[in-house]
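Residue numbers (my numbering): 553 to 751.
Just so it is clear, CB atoms sit at the ideal spot from N, CA and C, and this is done for glycine as well.
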């Protein structure tokens, strides 16, 4: 955690950069997550460099039943605040490396998803939910049947390492909900869900 930047943005990791999927990725924010639910924090490494980080909380079933924007859900006492008796793991912070000349991100995201699946099994939870940026133009949010088919169709996962949704699909996550304008900045996300009972 001490190697992560203090403010959101991009930082150099070799020829690549650390891409932040959710806001407020400060070291202080991660420390608050560690104090709240340390079991839900994982990092992925490559040659001793941190190349990815995920912070998960326990949340109730409603997080996978209807679209929730990050800002509406992340404050204390809202659906995305940590619940000790929550039956789902919800990834509320995700970082991974990306940049010019670096198309495949499976080494960054894959280990994080596998670790979260392992934690869900260990805690006997229903599954894992993670909001991931929908690839392509800003107006694409996975809301149309064609766009959803593009996410769910195995034949479209040949180049799965090119974006986090593809990596999640390879780890048996499936598209559950479209999250238009998830961060309030015009970017659209897709809620990817892994059910423990369907592994």
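Candidates the options: which alpha carbon is nearest residue i's?
| i | options | result |
| --- | --- | --- |
| residue 667 | 606, 684 and 716 | 606 |
| residue 638 | 645, 665, 676 and 663 | 676 |
| residue 683 | 658, 621, 635 and 633 | 621 |
| residue 733 | 594, 583, 589 and 623 | 623 |
| residue 722 | 580, 573 and 662 | 662 |
| residue 598 | 718, 649 and 613 | 649 |
| residue 686 | 678, 673, 715 and 580 | 715 |
| residue 731 | 615, 586 and 596 | 615 |
| residue 613 | 720, 678, 724 and 717 | 678 |
| residue 587 | 643, 634, 600 and 724 | 634 |
| residue 582 | 601, 617 and 644 | 644 |
| residue 658 | 744, 717 and 728 | 717 |
| residue 594 | 746, 670 and 742 | 670 |
| residue 827 | 601, 619 and 584 | An answer regarding residue 827 cannot be provided, because it is not within the stretch 553 to 751 covered by the chain. |
| residue 585 | 646, 601 and 617 | 646 |
| residue 660 | 719, 728 and 729 | 719 |
| residue 636 | 589, 742 and 580 | 589 |
Can you tell me where the beta strand (DSSP E) holding residue i begins and where it ends?
| i | result |
| --- | --- |
| residue 644 | 640-650 |
| residue 682 | 679-685 |
Which one or two residues does DSSP pair with residue i in a beta bridge?
| i | result |
| --- | --- |
| residue 597 | 602 |
| residue 731 | 741 |
| residue 609 | 642 |
| residue 746 | 680 |
Just to check my reading of the structure: residue i and residue j have Cβ atoms closer than 8 angstroms, yes? What is that Cβ distance to the nearest angstrom?
| i | j | result |
| --- | --- | --- |
| residue 680 | residue 641 | 5 angstroms |
| residue 748 | residue 673 | 6 angstroms |
| residue 664 | residue 591 | The Cβ separation is near 14 angstroms, so there is no contact. |
Just curious, the alpha helix (DSSP H) that residue i is in, first and last residue?
| i | result |
| --- | --- |
| residue 725 | Where residue 725 is concerned, there is no enclosing alpha helix (DSSP H), given that its DSSP letter is neither H nor E. |
| residue 662 | 658-674 |
Against chain D, with Cβ distances strictly below 9 angstroms, would residue i count as a contact?
| i | result |
| --- | --- |
| residue 663 | In the displayed structure, chain D is absent; only one protein chain is listed. |
Please confirm if the stretch 725-743 is in contact with the stretch 598-613, defined as three or more CB-CB distances below 8 angstroms between the two stretches. Contact between the stretch 725-743 and the stretch 598-613 is absent, because fewer than three Cβ pairs lie under 8 angstroms.
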